[in-house]
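Taking it in order: structure first as structure tokens, then the write-up.
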């Protein structure tokens, strides 16, 4: 029975992806990272009365062009940097982010309660490939400030020489049973983190920047899965 439950747990993560299952009809919301730049430069942590209020901790944000895209760059400082949307509550669905394949440590943070209370999927991006046949390695890790959840989960993927230094798309699919990471629209997860039955994701979402690292990102959005579809998946796997 363990393998059967594992199969349906993996299936639930795949169903939360955009793989042609129109029944999910997730509600999509794109966040304007340039508003974060505006807020950080003018009101030190958010503009009240706007639709989005960003909280930015231990980093400064600026606009930059990278590989023909207008993006946002976070500067490098000692310690971890974090940015999140104040007041947002996200439980199940998908989080998308385009990440520059420049040597940097950056990630998608979720279940954020404060700068000391969050989870994240982190991407440690190595040096660019300089010659044909070389690769650029990206290590993917799960991070939690909760000591009960902070178990080592690590994987990696490689960017070939032709794509080294360019953009890649990271998608995190979060259900009540599993967190799965997909790269560039792939159908198989690069990293899978199982959740315990008492675990619950219910905080905000945002960006994580590793200690001493800068970061360049773009196109940050969430897709919230309909509650009725979530309940159907839970009934299939018996939870």
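Numbering (the numbering used here), first residue to last: 6 to 244.
For glycine and all other residues, C-beta sits at the position ideal for the given N, C-alpha and C.
The model shown is predicted, which means the values in this text are computed figures rather than measured ones.
Through-space distance from residue j to residue i, alpha-carbon basis
i           : j           : result
residue 201 : residue 185 : 14 Å
residue 161 : residue 41  : 30 Å
residue 103 : residue 150 : 24 Å
residue 25  : residue 83  : Bear in mind that a pLDDT of 37 at residue 25, under 50, signals an unreliable position, so the number given afterwards is only what the model happens to contain. Their Cα atoms are separated by approximately 43 Å.
residue 230 : residue 57  : 20 Å
residue 97  : residue 180 : 5 Å
residue 172 : residue 153 : 34 Å
residue 100 : residue 113 : 8 Å
residue 54  : residue 67  : Reliability of the predicted coordinates at residue 54 is poor, the pLDDT of 44 falling under 50, and the value obtained from them is presented with this limitation in mind. Approximately 22 Å, taken between the alpha carbons.
residue 187 : residue 145 : 11 Å
residue 221 : residue 70  : 9 Å
residue 116 : residue 226 : 15 Å
residue 190 : residue 37  : 22 Å
residue 158 : residue 92  : 29 Å
residue 135 : residue 195 : 24 Å
residue 50  : residue 211 : With a pLDDT of 43 at residue 50, under the threshold of 50, the modelled position of this residue cannot be trusted; read the value that follows with caution. Approximately 14 Å, taken between the alpha carbons.
residue 39  : residue 33  : 18 Å
residue 140 : residue 156 : 28 Å
When the options are compared against residue i, the one with the closest alpha-carbon
i           : options            : result
residue 169 : 192, 110, 106      : 106
residue 193 : 220, 178, 204, 206 : 178
residue 217 : 74, 73, 79, 37     : 79
residue 197 : 183, 143, 190      : 183
residue 62  : 34, 87, 148        : 87
residue 94  : 118, 73, 74        : 118
residue 209 : 190, 90, 144, 158  : 90
residue 132 : 175, 195, 164, 59  : 164
residue 175 : 206, 32, 143, 59   : 143
Residues bridged to residue i (per DSSP)
i           : result
residue 74  : 71
residue 165 : 140
residue 112 : 127, 213
residue 86  : 214
residue 159 : 146
residue 81  : Partner(s): none; residue 81 has no beta bridge.
residue 98  : 179, 229
residue 185 : 178, 197
residue 66  : 79
Cβ shell of residue i (< 6 Å), same chain only, five flanking positions each side left out
i           : result
residue 137 : 166
residue 223 : 74, 76, 103
residue 65  : 80
residue 28  : Here residue 28 scores only 44 on pLDDT, less than 50, and its place in the model should not be relied on; the value that follows carries that caveat. Excluding residues within five positions, none has a Cβ falling inside 6 Å.
residue 129 : 110, 144
Same chain, Cβ closer than 8 Å to residue i, five either side skipped, listed in chain order
i           : result
residue 219 : 78, 79, 80, 81, 109
residue 213 : 85, 86, 87, 111, 112, 113, 114, 123, 125, 127, 148
residue 72  : 105, 170, 171, 172
First through last residue of the beta strand (DSSP E) which encompasses residue i
i           : result
residue 228 : 220–229
residue 175 : 172–179
residue 199 : 196–199
residue 62  : 59–62
residue 34  : 32–36
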